[in-house]
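J.:
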Amino acid sequence: MTKHNKILMTLLTIAFLGTACHSSESLSLLSSSYSSSYIPSANNPYTNPVHPLVDGVKTETYLADPFVVRDDDGTYYMYTTQSDVFTGGASRQFVRGPVFESVDLVNWEYKANVFASYTPDWGTTGAGVWAPTVLKVGDLWNYYYSFSTGGDANPGIGVATSSTPYGPWDHHGKLFNSLEIGVTNSIDPFVFYDEGLLYMAWGSFGGLITMVELEADGLALKGGLATQFDEKVAIAGYELNEAKNYEATFILRHGGYYYLFLSTGTCCSGVQSSYHVVVARSESLKGPYLDSQGRGMFGPSRGDYVVVPTSSGVMGVGHMSLIEDDAGELWMVYHGYDTKGDHSSWRVIYLDRIVFDETTGMPKVPGNKASNHVEMPGPYIDTLEG
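In this note's numbering, the protein residues as written are 16 to 401.
1. Below 7 Å between beta carbons: does that hold for residue 252 and residue 223?
2. Confirm, please, whether the CB-CB distance from residue 113 to residue 159 is below 7 Å.
3. Contact defined as beta carbons within less than 8 Å: I believe residue 77 pairs with residue 86. What is the distance between those atoms, to the nearest angstrom?
4. Can you give the Cα-Cα distance for residue 125 and residue 107, rounded to whole angstroms?
5. Start and end of the alpha helix (DSSP H) containing residue 235?
6. So residue 339 is in the beta strand (DSSP E); what residue range does that whole segment cover?
7. Note the first and the last residue of the continuous beta strand (DSSP E) segment covering residue 196.
8. Should residue 49 go down as buried or exposed, given a rule of 16 or more other Cβ atoms within 10 Å for buried?
9. Among the candidates 99, 386 and 145, whose CA atom is the shortest distance from the CA of residue 408?
10. Relative to the C-alpha of residue 265, which residue among 216, 248, 279 and 259 is closest?
11. What is the rounded straight-line gap between the Cα of residue 243 and the Cα of residue 60?
12. What alpha helix (DSSP H) runs, 4 residues minimum, are completely inside the region 186-228?
13. Just the Cα atoms here: how many angstroms apart are residue 176 and residue 183?
14. Could you tell me the distance, in whole angstroms, from the CA atom of residue 268 to the CA atom of residue 274?
15. Among 196, 254 and 219, which residue has its Cα nearest to the Cα of residue 246?
16. Compare the Cα-Cα distances from residue 189 to each of 180, 169, 199 and 118 and report the closest residue.
17. Would you tell me roughly how many angstroms separate the C-alpha atoms of residue 42 and residue 209, rounded to the nearest one?
18. Could you tell me the alpha carbon to alpha carbon distance between residue 385 and residue 236, rounded to whole angstroms?
19. In chain order, what residues of the same chain lie with their CB nearer than 6 Å to the CB of residue 312, ignoring the 5 residues before and after it?
20. Going along the chain, which residues of its own chain have a beta-carbon closer than 7 Å to the beta-carbon of residue 193, five neighbours each way excluded?
21. Under 7 Å between the Cβ atoms of residue 383 and residue 328?
22. By DSSP's criteria, residue 116 is part of a beta bridge. Which residues make up the other side?
23. Can you grab the Cα-Cα spacing for the pair residue 178 / residue 153, in whole Å?
24. Opposite residue 346 in the DSSP bridges: which residues?
25. In terms of residues, what are the limits of the beta strand (DSSP E) holding residue 56?
26. Label residue 350 either buried or exposed according to how many other C-beta atoms from any shown protein chain fall within 10 Å of its C-beta, with 16 as the threshold for buried.
27. Please state the DSSP three-state secondary structure of residue 400.
28. Assess contact between the region 125-137 and the region 362-379, defined as three or more Cβ pairs (one per stretch) separated by less than 8 Å. Is contact present?
29. To which residues of the same chain is residue 314 closer than 8 Å at the C-beta, ignoring the five residues directly before and after it?
30. Would you mind stating whether residue 337 and residue 347 have Cβ atoms separated by less than 7 Å?
31. Taking Cβ positions, are residue 80 and residue 95 nearer each other than 7 Å?
32. With a threshold of 16 other CB atoms inside 10 Å of the CB of residue 340, please say whether the residue is buried or exposed.
33. Which whole-angstrom value is the C-beta distance of residue 358 and residue 323, which I expect to be below 8 Å?
34. Between the Cα of residue 392 and those of 344, 355, 378 and 289, spot the shortest distance and give me the residue it belongs to.
Okay, structure coming up:
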């Protein structure tokens, strides 16, 4: 296994780390402490928000639901919900599946469109592509996406594959929809390996955060839809469509625990958004997941805070993914509304380091608040050291 693969492999969440945990080994954090051995990267500073570069200049761009992976050559790739983005030049263009690339997790440039040659038509009329997750499965990169409208009664999850993290992509269409799998509001897929088996966890407001096993190629449910309909496992949430429920699953395996990251609160009301990230943990992949107060995640207002909104800084902070740098430090990539930005009604991309709380043992952003418009030491990248 290469050093770069180990990196995100370290994340059970490797789904996010799709970057290479496609072997039969389980995802586990190797030797990193994520708190005591941090090497500040003075030559890789960043300032939030980390807007993409357009002709070499950071340019405010509406982007939501980021998911980041790392290829074997060290390049990072970021996937987001469909949006109007700068694909070159000064004008924005609607892109259903934007892909950005970066060598340092700080400076991003538009790379490709997952849906350049395919328009999904298998879902509700007017559905859009939301909240993708990407994972390397065998020799292919699997791109999973939500296909939904606001208030969709029957959203679903689709999949595409490519030999590279940026395409071209072969589209396989629908994996399943809500009615077929029996899970309300089937969006926000997260796909990952554990102990050599491939799983998906997903779900959103109004339904339960649910987990199923996938076939080895990740293109079908293990044993078929009917089998997983019966064998699916709920790990969080409750069946009320309210903002106190949970969505945007991400799972990290570390130090004998599985850490379940979830977003909760109002997601999409600009600087009034209360969206934030919470976490719970379990000794078993399928739960029960408990916060540091011993509360299970099948009710509202549970979980330890990872990052919270601040009215003078960043509101609506959530829908995150995790990635490692070359020092073995974990970084969280997420979105928020910049109250100091020129377009405060836009969700934009944030980057902050994850540490483990000395009292609770739970992961969090330092101070539980997003850094904003302040230069910070960034992720440590070997190649930047010359």
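Think of the CB as a built atom: it goes at the ideal place given N, C-alpha and C, for glycine as much as any other residue.
T.: Short version:
1. yes
2. no
3. The pair is not a contact, with the Cβ atoms about 26 Å apart (cut-off 8 Å).
4. 12 Å
5. Premise fails: residue 235 is in no alpha helix (DSSP H) and is neither H nor E.
6. 329-339
7. Counting along the chain, residue 196 falls outside any beta strand (DSSP E), though it belongs to the alpha helix (DSSP H) covering 193-196.
8. Because residue 49 carries a pLDDT of 46, less than 50, the predicted location of this residue cannot be relied on, and the following value inherits that uncertainty. With 16 or more Cβ atoms within 10 Å of its Cβ, residue 49 is classed as buried.
9. Because the chain spans 16 through 401 in this model, residue 408 falls outside it and cannot be assessed.
10. 216
11. 45 Å
12. 193-196
13. 8 Å
14. 6 Å
15. 196
16. 169
17. With a pLDDT of only 35 at residue 42, under the threshold of 50, the placement of this residue in the model should not be trusted; the figure read from the coordinates follows. Each residue's Cα considered, the two are about 6 Å apart.
18. 37 Å
19. 251, 295 and 304
20. 169, 170, 171, 199, 200 and 201
21. no
22. 92 and 124
23. 10 Å
24. 338 and 368
25. 56-62
26. buried
27. helix
28. no
29. 253
30. yes
31. yes
32. buried
33. Actually they are not in contact, since the Cβ atoms of residue 358 and residue 323 sit about 22 Å apart, beyond 8 Å.
34. 344
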